[in-house]
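Colleague: Quick one: the structure is below, questions incoming.
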Amino acid sequence: MAEAQQPEQQEYALERDCTTLSRHVLQHLQSFSAEAQELSAVMNRIALAAKLIARHLSRAGLMEGVLGFTDDINVHGETVKKMDIYANNVFISVFKQSGLVCRLASEEMEKPYYISENCSRSRYTLLYDPIDGSSNIDINMSLGSIFAIRQQEETEDSDGAAQDLLQHGRKQIAAGYVLYGPSTVLVYSVGKGVHSFTLDPSLGEFIITHENIQTPSHGPIYSVNEGNFWQWEEAIREYIRYVHRNQGYTARYSGALVGDFHRILLQGGVFLYPGTLEKLEGKLRLLYESAPLAFLIEQAGGRASTGTQEILDVVPEKLHQRTPLIIGSEEDVALVQSFIQQWAEAKAEKEMMRRSRVPQ
Ligand code: AHG
Ligand code: MN
Ligand code: MN
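Next comes the structure, spelled out in structure tokens:
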């Protein structure tokens, strides 16, 4: 026979069930100021977007017009899936008439989208990747959404360049992601630790499941698309040869950054999307992919680097700028970086030798 729950266990379960996302934000900011209330309300709207997207995904195969491609190509020259557009519009819709976010900038929109009725009140911009891991949509594998909240300085922007967003990642006020997996998980930080919430479908609420996540300083996972092996610079190839030759490493790669990152955040290791010889800047976008995840990993005691610079120190030159990304446990990121540095030094030395041989 099952043992009856002790009162303190019941109390704990009740306390956990009552710690919803919006309450948690207020608790963590330790204030009921207008600013804290506003941020908590923004997080609540992001949670609503996550629930709408999760619901749509859970029935995707049963409904017409959810799976597959649109005929469009986005600002990055990539094909667009119907789900990318749906999710992009969900984020816009949940913030309409909320008074909360004045401007949204996303992977799927060349220029930022202004919700003008909010702009007299709101000082925030939401940057987001509505669906991360789009290639997983049609095969029912994990997907994500990534977001960051930044202070807004411009309220009007005729050319859509959003100059005031071109600042380093330490300016982010909050960042997080949603993982649409067997359960829907939301992870966020307002610069006071990293916390995860799981959607309880019976309540329709995100309930706290992991507070103050700390990434191990080293982990066994390396997560990279090895299909690009011969397109990388030698430094990355050497690092991959190193993990092949040494015990204690194992590969995991899902095709969705959010899922791969979530594993590393909790269990340690490193995710890499380096540049290639043809495309030094890599694939991932700084403002709504790399920088939000860098904000989280630093909060969890890990690191994020381009290979030569901390991701959070990079000042973008344009809204949709790409960046190489090496992110995860402190020691594993440092190891990858040491290969990059050694290779750069060897290359510089070779160049010096070459010049010294050329007659002046
Ligand atoms: P998105 O679906 O938002 O364009 O992002 C896809 C990203 C990322 O989720 C993933 O890690 C990576 O692209 C996969 O790219 P490859 O197929 O080149 O490995
Ligand atoms: Mn993405
Ligand atoms: Mn995307």
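Offset between the sequence shown (1-based) and the numbering used here: plus 509.
Ideal Cβ positions, reconstructed from N, Cα and C, are used throughout, including at glycine.
The structure displayed is predicted, hence computed values, not measured ones.
How would you call residue 768, buried or exposed, if buried means at least 16 neighbouring beta carbons within 10 angstroms?
Modeller: So residue 768 counts as buried.
Colleague: State the DSSP-derived secondary structure class of residue 875, mapped to helix, strand or coil.
Modeller: Outside the modelled stretch of the chain, which goes from 510 to 869, sits residue 875, for which no answer is possible.
Colleague: Starting from residue 550 and walking both ways along the beta strand (DSSP E), at which residues does that stretch end?
Modeller: Note, residue 550: premise wrong, no beta strand (DSSP E); alpha helix (DSSP H) at 543-567.
Colleague: Taking the DSSP output, what are the residues bridged to residue 585?
Modeller: Residue 585 is not bridged to any residue.
Colleague: So, do the stretch 556-569 and the stretch 690-697 have three or more beta carbon pairs nearer to each other than 8 Å?
Modeller: Flag = yes, the stretch 556-569 and the stretch 690-697 touch.
Colleague: Quick one: residues in its chain with C-beta nearer than 6 Å to the C-beta of residue 782, no 5 flanking neighbours on either side, listed in chain order?
Modeller: So the list reads 791, 792, 793 and 834, once near-sequence residues are dropped.
Colleague: So does residue 798 have its beta carbon nearer than 7 Å to some heavy atom of ligand 2?
Modeller: The answer is yes for residue 798.
Colleague: Got a sec? Which residues, its chain only, sit under 7 Å from residue 623 by beta carbon, not counting five neighbours each side?
Modeller: Cβ within range, chain order: 611 and 612.
Colleague: Bridge partners of residue 727, per DSSP?
Modeller: According to DSSP, which records beta bridges pairwise, residue 727 is partnered with nothing at all.
Colleague: In chain order, what residues of the same chain lie with their CB nearer than 7 Å to the CB of residue 588, ignoring the 5 residues before and after it?
Modeller: These residues qualify, in order along the chain: 578 and 582.
Colleague: Could you tell me which of 803, 842 and 757 sits nearest to residue 795, measuring between CA atoms?
Modeller: Among 803, 842 and 757, the Cα nearest to that of residue 795 is on 803.
Colleague: Alpha carbon to alpha carbon, how far is residue 649 from residue 593?
Modeller: Their Cα atoms are separated by approximately 15 Å.
Colleague: If you compare alpha carbons, which of 519, 548, 520 and 826 is closest to residue 530?
Modeller: If we check each option's Cα against that of residue 530, 548 comes out closest.
Colleague: Could you check how far apart the C-beta atoms of residue 566 and residue 688 are, in whole angstroms? I think they sit under 8 Å.
Modeller: Actually they do not touch by this definition, with Cβ atoms about 11 Å apart.
Colleague: Considering just the uninterrupted stretch of the beta strand (DSSP E) at residue 637, what are its terminal residues?
Modeller: Start and end: 633-641.
Colleague: Residue 615 bridges to which residues according to DSSP?
Modeller: 637, per the DSSP bridge assignment.
Colleague: Could you have a look at residue 685 and say whether DSSP puts it in helix, strand or coil?
Modeller: Three-state DSSP puts residue 685 in a strand.
Colleague: Which residue or residues does DSSP assign as beta-bridge partners of residue 578?
Modeller: Answer is 590, bridged to residue 578.
Colleague: Quick one: using the 10 Å Cβ neighbour count with 16 as the cut-off for buried, is residue 685 buried or exposed?
Modeller: That one is buried.
Colleague: My understanding is that residue 758 touches residue 615, with C-beta atoms under 8 Å, so please give their C-beta distance in whole angstroms.
Modeller: The Cβ separation is near 35 Å, so there is no contact.
Colleague: Counting Cβ pairs closer than 8 Å, one from the stretch 704-721 and one from the stretch 818-834, do we hit at least three?
Modeller: The answer is no - the stretch 818-834 does not touch the stretch 704-721, with fewer than three Cβ pairs under 8 Å.
Colleague: Beta strand (DSSP E) containing residue 814: first to last residue?
Modeller: Per DSSP, residue 814 belongs to the beta strand (DSSP E) from 812-814.
Colleague: With 16 other CB atoms within 10 Å as the buried threshold, where does residue 606 fall?
Modeller: Residue 606 should be labelled exposed.
Colleague: Please classify residue 846: is it buried, with 16 or more other beta-carbons within 10 angstroms of its beta-carbon, or exposed?
Modeller: Burial call: buried.
Colleague: Evaluate residue 590 with the Cβ neighbour count: other Cβ atoms within 10 Å of its Cβ, from every protein chain shown; 16 or more gives buried, anything less gives exposed.
Modeller: It is buried - the Cβ of residue 590 has at least 16 other Cβ atoms within 10 Å.
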